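Residue numbers (the numbering used here): 831 to 1228.
Quick reminder that beta carbons are idealized off the backbone N, C-alpha and C, glycines included.
On a predicted model such as this, the values are computed, not experimentally measured, just so you know.
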């Protein structure tokens, strides 16, 4: 309770930390003394890490330097091309206690500490690098198969691991001069593109609009977005960054999953199995937050240009309803221009790579020019996406 109160105090008034220096130093002593016990006090250790996460907002380098001296953190062994981790007190707590009981207080605190440190400092120490690598290898790849005490715990765990992953990608991007940043960026991208790391992302993307709308309807606070929806937004950002960072021409497991996976049971709910493309397209029916449909359409646009598949066949019976909703949202005067631009970009890309999808969107029909000739011309149907586009154009410029 004292440690928790201390964290609250310094969070809202950091200047107080200079007056309670000895108390803050005791946090490291508690970790050093109790983390290596046969039966460690898990919740006490978690509160200590949460306190350090608050301290890291102002002095991240000092926090990691002193934390490394407690023996709590994992260490890197091996070459940069083959990153391996030596066991530590934290590794033992996760494997022996947290996974056995379905309660991950220490791991959640560690992810908060890492995110706080990456947000406040550009420096990534060797110990921070080792901890991130361990979290990615031992937690991110397997966490969806772990036991959880409640659905809320599962949602929070998923949200924090995705949030940390996005922060790592954003922090390490465009820093080629720093070897540690480059190493960590390449490791993370490779892990998520070519290994089973994409499974969690696909499952979150595949929750579908029905689940999203149910979560919005059941939310007690309409001003605050629910954790699963925030996880969905983060997954869209991660997927976009990963596809941008792809270095090979061959199809990666992530792209293959986006082109072929059928999703039913997601990290947040269970529903009727559907193709992942159909689930992504369903977000166009979400109206509470335009970020969701815009991100989904942008991802579909990227898939339309790189994925070796017919998106029209993937949509199946949902294709006509999707086109009608595109027409409705293009025609609505209250829609944002960003959403209209995203829809038009998808139609534009489909011209070169998705003929079936293009035919669906344009909805053209052949009609005779007149009764005395057999010549025909293409006519635009009322349900074509071209109608609202023409209406948006000033008649003077037609």
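Kindly indicate which three-state DSSP category residue i falls into: helix, strand or coil?
i            : result
residue 1218 : helix
residue 1196 : Residue confidence is low: residue 1196 scores 49 on pLDDT, short of 50, so the model does not pin down where it sits. No coordinate-derived value is stated.
residue 906  : strand
residue 1157 : helix
residue 865  : coil
residue 918  : coil
residue 954  : coil
residue 1227 : Any reading at residue 1227 must be qualified, since the residue scores a pLDDT of 46, below 50, and its modelled position is unreliable; the value itself is stated next. In the structure shown, residue 1227 sits in a helix (DSSP, three-state: H, G or I).
residue 777  : For residue 777 there is no data in the structure shown, the boundaries of the chain being 831 and 1228.
residue 985  : helix
residue 1116 : coil
residue 1026 : coil
residue 978  : coil
residue 1182 : helix
residue 1001 : helix
residue 1148 : helix
residue 995  : helix
residue 881  : helix
residue 849  : coil
residue 1162 : coil
residue 925  : helix
residue 1123 : helix
residue 1008 : coil
residue 843  : coil
Rounded C-beta distance between residue i and residue j? I'm assuming under 8 Å.
i            : j            : result
residue 914  : residue 907  : 5 Å
residue 1073 : residue 999  : Not a contact, Cβ separation roughly 12 Å.
residue 1134 : residue 1184 : 5 Å
residue 1083 : residue 1023 : 7 Å
Give me, in chain order, the residues of the same chain whose beta-carbon lies closer than 7 Å to that of residue i; leave out the 5 immediate sequence neighbours on both sides.
i            : result
residue 882  : 857, 893, 897 and 943
residue 1145 : 1107, 1108, 1111 and 1152
residue 1149 : 1142 and 1190
residue 1045 : 1056, 1058 and 1059
residue 1166 : 1120
residue 1228 : Low local confidence applies: a pLDDT of 49 at residue 1228 is under 50, so the model's placement there is unreliable, and no value is given.
residue 839  : 846
residue 1132 : 1073
residue 1218 : 1157, 1160 and 1161
Give every residue of the same chain whose Cβ lies closer than 8 Å to the Cβ of residue i, excluding the five residues on either side of it in the sequence, and list them in chain order.
i            : result
residue 929  : 976 and 977
residue 974  : 988, 1029, 1030, 1033 and 1097
residue 1130 : 1107, 1110, 1111, 1141 and 1176
residue 1027 : 966, 970, 971 and 1021
residue 1062 : 1034, 1035, 1037, 1042 and 1122
residue 1170 : 1159, 1160 and 1222
How long is the line joining the alpha carbons of residue i and residue j, rounded to whole angstroms?
i            : j            : result
residue 1053 : residue 993  : The predicted model places residue 1053 with a pLDDT of 48, which falls under 50 and marks its position as unreliable, so this point remains unresolved.
residue 854  : residue 847  : 8 Å
residue 947  : residue 1012 : 18 Å
residue 842  : residue 832  : 16 Å
residue 1211 : residue 1079 : 39 Å
residue 1192 : residue 1179 : 13 Å
residue 1140 : residue 1187 : 8 Å
residue 876  : residue 1081 : 41 Å
residue 862  : residue 920  : 11 Å
residue 981  : residue 852  : 39 Å
residue 1174 : residue 1214 : 13 Å
residue 885  : residue 1124 : 37 Å
residue 954  : residue 1068 : 21 Å
residue 968  : residue 1085 : 23 Å
residue 1090 : residue 835  : 50 Å
residue 1113 : residue 860  : 48 Å
residue 1008 : residue 964  : 21 Å
residue 917  : residue 1122 : 40 Å
residue 979  : residue 1154 : 43 Å
residue 1015 : residue 925  : 26 Å
residue 952  : residue 1220 : 49 Å
CB-CB under 6 Å to residue i, same chain, minus the five flanking residues each way: which ones, in chain order?
i            : result
residue 1036 : 1093, 1096, 1106 and 1109
residue 887  : 946 and 950
residue 1104 : none
residue 850  : none
residue 1075 : 1019
residue 941  : 990 and 994
Between residue i and the ligand NAD, is there a pair consisting of the residue's CB and a ligand heavy atom that are separated by less than 7 Å?
i            : result
residue 1071 : Summarising the ligand content, the structure contains no ligands, and the ligand NAD is consequently not present.
- Report the residue ranges of all alpha helix (DSSP H) runs contained in full by the region 1033-1111; include only those spanning at least 4 residues, in chain order. 1038-1048, 1057-1075 and 1083-1090
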